[in-house]
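The opening residue of the sequence shown carries number -15 in the working numbering; numbering runs sequentially from there.
For every residue, glycine included, the Cβ atom is placed at its ideal position computed from N, Cα and C.
This structure is a prediction, so every number in the text was calculated from the model and none was measured.
Report on one structure; see the data block that follows.
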Amino acid sequence: QCADQHAILRGVTHTLAAHRLGQEYVNTGSRPLPALEYPGYGSVVTKELPAPADLPPFVAIPNTNQRPGFLGVQYAPFSTGTAPQAGQPFGVRGISLGNGLTVSEVEKRGDLLNDLDTTFDRLKDSSQLLDGLDQFSQQAHAIITSRRARDAFNINKESPAFARPFGESPFGTSCLLATRLVESGVRFVTVTLGGWDTHQDNFSRLKDKLLPPLDEGLSSLLTGLSQKGLLESTAVFVTGEFGRTPKINQKSAEGGRDHYPRCMFMLLAGGGIRGGQVVGKSDEKATGPEDEGFSPDDVAATFYRNLGIDHTREYHSNTGRPISIVRNGSVIEQLFS
């Protein structure tokens, strides 16, 4: 019922069959290097796009494999650590005030910390890490004293009619929280649904455990963003780290599917993406793309285009080395036409 809101990109291909390396590749758009860690999408967005001072710019629900890489710790994600539960208070460390603590008491502690920081500044040498931690600390103080931040993380403030389609699974309530965070002004949100490593019992795990919450949560996310008038200004990207083998293994009575980066698909929606289309194609046995296919680099260039960020923009490492956000890759224009 929401296929008109998203595009499917088929024939995405790469060669990294290990979880960590595949995750790093699809989350950065740059093939991993041993001596340099590239920043994830959320960290680049945090650097490039301004966000309200009293909201975390990059939120991971409940966590993410995206890291800030060479950009530094001040661009790291804020992880909730858990998923919200429908009808239950959602306590998030760094957002919720616990143990009877008041905003006034937090302000007093902040004043004391500022006094200590002033003394420490006279003693320390210049350090990118310390500067990053200082910035992180200042932002944390602004967030924990912000009523807007606490309200943004409270899914119980949504109407029952709006919240009901998301369901009560952790993924569904996380998608509900994501719509609320985007509406509040958070720049980048990731929602993680694990369990896709179906080497055994592939079909029953998909049917009974994985696809129902994905279908319920993702469709409600797209519909909810549209209802709030946010889908046209929000770029949505759904991916795993690789595909699964077209050949069924015999590791269990039912069979399973193993790692297969040579052929996979991704979903994009929102912003300038034209929904209701399928771009790209695999061969008849799904062993690879029908033609040259698309790389994670191409997808990154496309996603950054949709975010309004030039993927060829250069940063500089702490050694002064110029580094492009994405080393290779071309925008997939068909997704916008």
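Quick check on the burial criterion: 16 or more other C-beta atoms within 10 angstroms. Buried or exposed for residue i?
i           : result
residue 172 : buried
residue 314 : exposed
residue 289 : buried
residue 310 : buried
residue 160 : buried
residue 301 : exposed
residue 262 : exposed
residue 211 : exposed
residue 234 : exposed
residue 187 : exposed
residue 191 : exposed
residue 329 : Summary: the structure shown does not reach residue 329, with the chain confined to residues -15 through 321, and so no result is reported for it.
residue 296 : exposed
residue -15 : exposed
Alpha carbons only, please: which of the options is nearest the one belonging to residue i?
i           : options               : result
residue 306 : 15, -12, 229 and 54   : 54
residue 60  : 320, 284, 70 and 44   : 44
residue 0   : 16, -10, 48 and -11   : 16
residue 324 : -6, 320, -12 and 41   : The question about residue 324 has no answer, for the chain in this structure spans -15 to 321.
residue 177 : 262, 293, 67 and -9   : 67
residue 23  : -15, 318 and 308      : 308
residue 323 : 181, 239, 168 and 303 : Outside the shown range of the chain, which is -15 to 321, sits residue 323, and nothing can be said about it.
residue 36  : 136, -4, 143 and 7    : 136
residue 166 : 180, 181, 138 and 187 : 138
residue 8   : 259, 317 and 226      : 226
residue 197 : 184, 185, 209 and 180 : 180
What residues match up with residue i in a beta bridge as DSSP calls it?
i           : result
residue 251 : -8 and 222
residue 306 : 300
residue 172 : 42
Quick check: is any heavy atom of the ligand FAD less than 6 angstroms from the C-beta of residue i?
i           : result
residue 303 : Because no ligand of any kind appears in the structure shown, any question about the ligand FAD cannot be addressed here.
Scan the region -1 to 41 and note each continuous alpha helix (DSSP H) run of 4 residues or more that stays entirely inside, going in chain order.
Runs of the alpha helix (DSSP H) inside the region -1 to 41: 3 to 12 and 25 to 32.
The region 201 to 213 contacting the region 58 to 75, beta-carbon criterion three pairs below 8 angstroms
Contact between the region 201 to 213 and the region 58 to 75 is absent: fewer than 3 CB-CB pairs across the two stretches fall below 8 angstroms.
Pairs of beta-carbons, one from the region 24 to 38 and one from the region 140 to 158, closer than 8 angstroms: are there three or more?
Judged by Cβ distances under 8 angstroms, the region 24 to 38 makes no contact with the region 140 to 158, as fewer than three pairs qualify.
Would you check if the region 218 to 234 and the region 248 to 258 touch, i.e. whether three or more CB-CB distances between them fall below 8 angstroms?
Yes: at least three Cβ pairs fall under 8 angstroms.
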